[in-house]
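To start, the structure itself, in structure tokens.
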Amino acid sequence: MARSSSGSAEPTKPKKSKVRKRRWYHQVWDVFQMTRKADPTVPWIMLAILVIAAGLGFAVGAIFNQGPYGLFVGVPVGILAATIFLSRRAERAAYSSLEGQPGAVSAALGTIRRGWNIEEQPVAVDGRSQAMVFRAIGRPGVVFVADGGSRGIQQRLLEGERKRAGRLVPDVPIHLMQTGREEGQVPLPKVAAAVKKHKNRLTPAEVAEITKRLKALGGVRMPIPKGVDPTRMRPDRKGMRGR
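To convert, take the position in the sequence shown, counting from 1, and add 354; that gives the working numbering.
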């Protein structure tokens with residue numbers, strides 16, 4: 355501990371540890387490692403893409419007596435093509451790890467970038483099967499997407515949300531979607547595309563107004579035990595006084 359000229363001790367300031375900044379190539383490496391664990395063939399396919407692109411570039415350049423220049427062009431093209439392939443396989447691996455988990459639809463809807471107001475939390479949940487319904491509002495109207503449970507449970511939850519929303523926005527198109535691998539259901543990787551394919555029917559101002567109205571419905575409603583009237587419940591005053 356250092357001392358000043360007057361003899362009093364001066365506290366030493368602790369050194370701040372430097373936070374290592376993550377670069378873009380760190381993220382690419384993380385994605386590559388995650389995808390390789392899910393599909394061990396990915397590195398070999400990426401290498402084949404790079405070799406083929408470089409070979410084609412060299413061959414085309416050799417036709418015009420410019421083989422090295424063709425190789426110089428083919429290598430970057432091969433790297434780009436391999437990166438695109440990696441991103442597609444990484445997306446597939448991510449969906450494979452999410453599929454079957456409660457709330458996976460929320461992650462799929464989160465990939466929709468602009469023009470939609472999406473509720474991150476479910477608007478309806480079935481306690482036994484853990485089936486959930488998520489809501490997305492955009493220019494095509496209101497889309498309810500169900501996930502988990504059986505087809506019958508998903509349909510029941512969807513119809514319930516259709517009726518609830520229809521009371522507040524009766525003239526707005528409402529679309530229902532089930533997710534899963536059964537006939538008539540949409541697989542998780544195709545949910546975002548299926549939501550966006552609906553035709554636009556509303557203006558941005560109408561979307562904002564509808565979103566405001568439907569937020570009044572709130573989120574998941576907790577069930578109340580049978581025989582209990584919440585309007586007649588009274589607090590235990592003795593318990594509140596500690597007796």
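We put the beta carbon where it would ideally sit given N, CA and C, even for glycine.
Shown here, Val431 sits in a helix according to DSSP, grouped into three states. A straight line joining the alpha-carbon of Pro524 with that of Lys566 spans about 15 Å. Under DSSP, Ala490 takes part in a beta bridge, and its partners are Ile472, Val497.
Pairing Gly415 with Pro422 gives a Cβ-Cβ distance under 8 Å. For the set Gly495, Arg493, Pro394, Met531, the Cα lying nearest the Cα of Ile507 is the one of Met531. Ranked by how close their Cα comes to the Cα of Leu401, the residues Ala436, Glu515, Gly495 have Ala436 in first place. A contact between stretches requires three or more CB pairs, one per stretch, nearer than 8 Å, and the segment 466-477 fails this requirement with the segment 430-450.
A direct Cα-to-Cα measurement between Pro456 and Ala478 gives close to 13 Å. For Gln508, the uninterrupted alpha helix (DSSP H) run begins and ends at 505-522, by DSSP.
In this chain, the alpha helix (DSSP H) harbouring Ile564 covers 558-569.
Taken through DSSP and simplified to helix, strand or coil, Ala478 comes out as strand. At the C-beta level, Gly495 and His529 come within 8 Å of one another. Note that the segment 450-469 touches the segment 544-553; at least 3 beta-carbon pairs, one per stretch, sit closer than 8 Å.
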